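In our numbering, the protein residues as written are 10 to 192. C-beta: ideal position from N, C-alpha, C; glycine also. In this text the structure is predicted, and so the values were computed from the model without any measurement.
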């Protein structure tokens, strides 16, 4: 809470949710110089994960923290049906690299980071993304299932972002999926 010291007026009030963390790839394994491709195993990929604080999350509901914030909400928006993780205190979204839950944490972190960067560069999101309703729905395992791809279809009126949809980064082990959201 920010309070004006002279008038005692509350200038800004936000819920305190600054300790939700996740394991993500800040940079994909190849860019990190590991030489690993998306077909690498969980044992090979896990050491390359980075621990981050998740910014902008809305407060937990009933003691459970969702991957939902001011700019992004991870949701099961399109096929295939893949659940979205929530977590209780201590609010850690840290999962093995080749899992749908790791994909969800990456999808939230990377998409939220993108909108924050655009805002921090001085572009007002309301006018730069006019027509887009925030938070934007992000599907960490959408876009039809076992394909390597991602997309950002427009909204119903064609004047904003509809959803952000991530499929896989690799088809060699779809039982232990690696999402393109982690790339």
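Q | residue 135 versus residue 143 - alpha carbon distance | A | Approximately 9 Å between the Cα atoms of the pair.
Q. Are the Cβ atoms of residue 124 and residue 81 separated by less than 8 Å?
A. Here residue 124 is near residue 81, since their CB atoms are less than 8 Å apart.
**Q.** The alpha helix (DSSP H) enclosing residue 127, as first and last residue numbers
**A.** Annotation: the continuous alpha helix (DSSP H) that includes residue 127 extends over 109 to 129.
Q) Terminal residues of the continuous alpha helix (DSSP H) containing residue 136? A) Segment 134 to 137, the alpha helix (DSSP H) holding residue 136.
(Q) For residue 170, list the residues DSSP reports as bridge partners. (A) Beta-bridge analysis with DSSP links residue 170 to 163.
Q) What separation, rounded to the nearest whole angstrom, lies between the Cα atoms of residue 119 and residue 126? A) The straight-line gap from Cα to Cα measures roughly 10 Å.
Q: Using alpha carbons as the reference points, say which of 189, 85, 159, 55 lies closest to residue 105.
A: Out of 189, 85, 159, 55, 55 has the C-alpha closest to the C-alpha of residue 105.
Q. Comparing alpha-carbon positions, which option in 185, 90, 86, 38 lies nearest residue 162?
A. It is 86 whose Cα lies nearest to the Cα of residue 162.
Q: Would you kindly work out how many angstroms separate the C-alpha atoms of residue 186 and residue 108, rounded to a whole number?
A: If I take the Cα positions, the gap works out to 5 Å.
**Q.** N- and C-terminal bounds of the alpha helix (DSSP H) containing residue 53
**A.** Start and end: 51 to 54.
**Q.** Residues near residue 137 by beta carbon distance below 8 Å, same chain, minus five either side
**A.** Same-chain partners within the cutoff: 127.
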